[in-house]
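In what follows, a structure is listed as structure tokens, so that the remarks can point back to it.
Chains as they are written, first to last, in this note's numbering: chain E, 163 to 520; chain Z, 9 to 616.
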């Protein structure tokens, strides 16, 4: 941090954030709603823009897709990297006269390099790609939990590419771990997409650590997605995790950050099929506790009729199942806790930079 | 000279014993005058003979005129030759006068039927008919239906047996009976007449009443016989009837046919209680007491909607005892059926029958054609009448609501069912305003910005079924926009509005719902089905319809699974739930209560 005339200056921080989660947990939708989330944020200083054309195009196209077309973005077929700048404000300590220390709010530019990989990359047991069938069509590669389109069939991830993904994740400064509780209830395979990746990250970062006994240095924002799903929402409501913000004119429900971890643990415990409860244990074991934070998120948020002043308990589902089985977004997008994990990651990384600099 | 020879001779005109009077006590012929001097000249004798002949002719002509209007028929027995025109006219006048005080057959039948009507149960009246053929005795009673029961313990006694001195020749005997008795021994005649009762030809005493009928009144021997019989039976009533009997067998012979009904007859009809469908039997008056042979009656009757089989026309005594309380259907004991007929039901729901009274206990239906006697007993007819039926009488408001979302063929199948039902009912409810039909159709809610509040229900108000049929052609299908539910709750909401006033107007309210998907809920539930954008609550609407007395039948494209049958479909279709491929307009109509259910045939007409 640069001091000028004794006052802290604006900061820049470069953070590589890796997106991590099972297929269909909503990684691409999460990113796609980011621009909308920033636009709706009460923090007027918050803004986001792309560093390159591809990144800007992603924001533009997916914002339109979500709002105008009311469609979900296509599932990620191949790995992509987006570079955005998230401009926000952060609190920094300020030394005043007579050794008084206060905090000052300074602008912060967080450069985000986001890696979005297909969910199947994170599967515990990498799958060898099947031989391509005649005519280019693919058979079932066993990725039955992969919600990628049928066009994916036959497109197995080469072993070498998976290793690259793991290398990149391990080298990230922050991780955005997306966890879909509904998928866990249905398939019980969340842990399958977690523990293998975690161990590979650990292998890459912890071997040869200068100080034995340390933990992974990453900041991890754990996002339980699809809070707008009636099953997730009702669990939060019935178990007392739901609250409302007085600053929200639409009174959309949310789970406060301080309760998010507890809610997350409850959500995973309710899965009778998998071992998702091990995810929380592993997070505490492998990462510094103060570097892991939980959020309960929804990329598209709850439905609110334009004729209603606020959230209506009787009718809040913001997706509509179409005749062909696909889902369409019903109303306006009101993302919940989409930008907040990135803000936390950015501020945490910036604070970490200051510490290192000092 | 014997004592008999010393008795005065009979009157030369009428044959009455002359006695010592100046003139005949019976005919007034001068029997004695004062002695006159001088011989009886030829001229005097001729004059006497002429006057005697004329008096005899007059006496005999009057009897002949009583028997026949033809002066020549009995001329051989008219003493003094054939009467001339003036004499015959005078004889006819005299004949009319001798029956003075007699009653006509009509009043006589009235007297007789009045006496019969007043009989206690089991009592009888003895009718002694004294007529040209002889004396007949008939015991008459009436059964509980008022039908006369007649029996004769002995054949009628002919005059040739009762009065052997009468001629064996029919015409001469009639002449004698009517009053041509100048040649008869009066004393002998009187002794025989006085012996009619003692001889047993007529019962001397009965436990009940005795009525002596003398017909034709004015016939000398008949009158004398009737008087002797009436005087010889205690308490007997003498009825003198003018004119010859219409039937050879006398009044009693035609009594059965000519007797007026003592009790009215009615056609047995069924009444269906609007609220419960309970069937009760009653009668519609067909003939009233006093109706006589030949009386005609026309009744307008109705058949139950959908009933096309033959029906039973049961004629029963009208105004019988009411059914025992608590019995929905009168059993055979309560209705006294006189005759049974089978009638093919006409195509029209309301039809006319015409009946003719042939005699007490005999009714013949002349309209419509094809009415035949029913061979089965009334007890079998009664046993087949259901105690309650689902079809309800009275005017009906019917709303047919159908889901228009789906592929064209499926929507067409739903419309076909509605069309079949309306066409069927239009033929059954032909009275104006008896059936009002309305239509509702829904397309899908669209869950997209700016479209959620779009009205999705198309409406054809209650009115003539023909209008509904025409409008149905325009209720075309639309694509499905939301797979998991259809705006059936909107249909229920509109249907409730359309049928809101039916009950107050005295009309049955019915709703048919034909759909493939369930309704949208009011709030988002665990099944994640999108709630109705208008906030319609199908459960509340179903309750409201039930409280308003609206009967609802649902037809689903396919029979829902067990869970669904216990949920939405069962809740809505409380009067019936069918699968579209397996049902018919007839079945649906039966469940709606607008058409007779197979197996619930009443078998007798309904009161129009």
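Glycine included, C-beta positions come from ideal geometry on N, C-alpha and C. Here the structure is a predicted model, which is why all the values come from computation and not from measurement.
Contacts of residue i in chain E (Cβ-Cβ under 7 angstroms)
{"i": "residue 532(Z)", "result": "392, 476, 477, 478 and 479"}
{"i": "residue 536(Z)", "result": "392 and 479"}
{"i": "residue 565(Z)", "result": "Residues of chain E passing the Cβ test: none, with the nearest at roughly 15 angstroms."}
{"i": "residue 539(Z)", "result": "476 and 477"}
7 angstroms Cβ shell around residue i - same chain, five flanking residues per side excluded
{"i": "residue 343(Z)", "result": "276, 289, 324 and 328"}
{"i": "residue 483(E)", "result": "489"}
{"i": "residue 248(E)", "result": "210, 272, 274, 504 and 508"}
{"i": "residue 85(Z)", "result": "68, 180, 183 and 188"}
{"i": "residue 465(E)", "result": "477, 478, 479, 480, 492 and 493"}
Beta-carbon contacts of residue i that lie in its chain and below 6 angstroms, excluding the five residues immediately before and after
{"i": "residue 366(E)", "result": "332"}
{"i": "residue 311(E)", "result": "Residue placement at residue 311(E) cannot be trusted, given a pLDDT of 39 that sits under 50; what the coordinates show is reported in the next sentence. Nothing meets the Cβ criterion."}
{"i": "residue 416(E)", "result": "498"}
{"i": "residue 251(Z)", "result": "224"}
{"i": "residue 449(Z)", "result": "410, 412, 466 and 483"}
Residue i and residue j closer than 9 angstroms at C-beta
{"i": "residue 211(E)", "j": "residue 461(E)", "result": "no"}
{"i": "residue 585(Z)", "j": "residue 484(Z)", "result": "no"}
{"i": "residue 496(Z)", "j": "residue 580(Z)", "result": "yes"}
{"i": "residue 599(Z)", "j": "residue 421(Z)", "result": "no"}
{"i": "residue 515(Z)", "j": "residue 403(Z)", "result": "yes"}
{"i": "residue 300(Z)", "j": "residue 263(Z)", "result": "no"}
{"i": "residue 201(Z)", "j": "residue 236(Z)", "result": "yes"}
{"i": "residue 519(Z)", "j": "residue 553(Z)", "result": "yes"}
{"i": "residue 113(Z)", "j": "residue 249(Z)", "result": "yes"}
{"i": "residue 62(Z)", "j": "residue 34(Z)", "result": "no"}
{"i": "residue 246(Z)", "j": "residue 272(Z)", "result": "no"}
{"i": "residue 103(Z)", "j": "residue 51(Z)", "result": "no"}
{"i": "residue 19(Z)", "j": "residue 190(Z)", "result": "yes"}
{"i": "residue 353(E)", "j": "residue 339(E)", "result": "no"}
Chain-ordered neighbours of residue i on chain Z, where CB pairs are closer than 9 angstroms
{"i": "residue 493(E)", "result": "455, 456, 457 and 460"}
Residue i, DSSP secondary structure in three states
{"i": "residue 428(E)", "result": "helix"}
{"i": "residue 200(Z)", "result": "helix"}
{"i": "residue 415(Z)", "result": "coil"}
{"i": "residue 273(E)", "result": "strand"}
{"i": "residue 117(Z)", "result": "helix"}
{"i": "residue 179(E)", "result": "strand"}
{"i": "residue 413(E)", "result": "coil"}
{"i": "residue 403(E)", "result": "coil"}
{"i": "residue 229(Z)", "result": "helix"}
{"i": "residue 243(E)", "result": "strand"}
{"i": "residue 301(Z)", "result": "coil"}
{"i": "residue 156(Z)", "result": "strand"}
{"i": "residue 273(Z)", "result": "strand"}
{"i": "residue 468(Z)", "result": "strand"}
Beta bridge counterpart(s) of residue i as assigned by DSSP
{"i": "residue 249(Z)", "result": "111(Z)"}
{"i": "residue 347(Z)", "result": "323(Z)"}
{"i": "residue 381(E)", "result": "336(E)"}
{"i": "residue 309(Z)", "result": "359(Z) and 615(Z)"}
{"i": "residue 564(Z)", "result": "523(Z) and 587(Z)"}
{"i": "residue 116(E)", "result": "Since the first residue shown for chain E is 163 and the last is 520, residue 116(E) is missing from the structure and cannot be characterised."}
{"i": "residue 444(Z)", "result": "405(Z)"}
{"i": "residue 224(Z)", "result": "DSSP output for residue 224(Z) lists no bridge partner at all."}
{"i": "residue 558(Z)", "result": "517(Z)"}
Residues that residue i contacts on chain Z, provided the C-beta gap is smaller than 8 angstroms
{"i": "residue 330(E)", "result": "Correct list: empty, because the minimum Cβ distance to chain Z is about 37 angstroms."}
{"i": "residue 496(E)", "result": "Under the 8 angstroms cutoff, chain Z gives no residues; its nearest Cβ is about 13 angstroms from residue 496(E)."}
{"i": "residue 380(E)", "result": "Correct list: empty, because the minimum Cβ distance to chain Z is about 36 angstroms."}
Within chain Z, partners of residue i - CB distance below 7 angstroms
{"i": "residue 408(E)", "result": "The contacting residues do not exist; residue 408(E) stays about 25 angstroms from chain Z at best."}
Contact set between residue i and chain E, taken where Cβ atoms lie within less than 8 angstroms
{"i": "residue 492(Z)", "result": "483"}
{"i": "residue 488(Z)", "result": "485"}
8 angstroms Cβ shell around residue i - same chain, five flanking residues per side excluded
{"i": "residue 432(Z)", "result": "314, 593, 594, 597 and 603"}
{"i": "residue 614(Z)", "result": "277, 278, 279, 280, 309, 310, 311, 312 and 401"}
{"i": "residue 293(E)", "result": "With a pLDDT of 41 at residue 293(E), under the threshold of 50, the predicted position of this residue should be treated as unreliable, though the coordinate-derived value follows. Once the five neighbours on either side are set aside, residue 293(E) has no close Cβ partner at all."}
Any non-hydrogen atom of the ligand ADP closer than 8 angstroms to residue i Cβ
{"i": "residue 499(E)", "result": "The ligand content of the structure shown is nil, which means the ligand ADP is not present either."}
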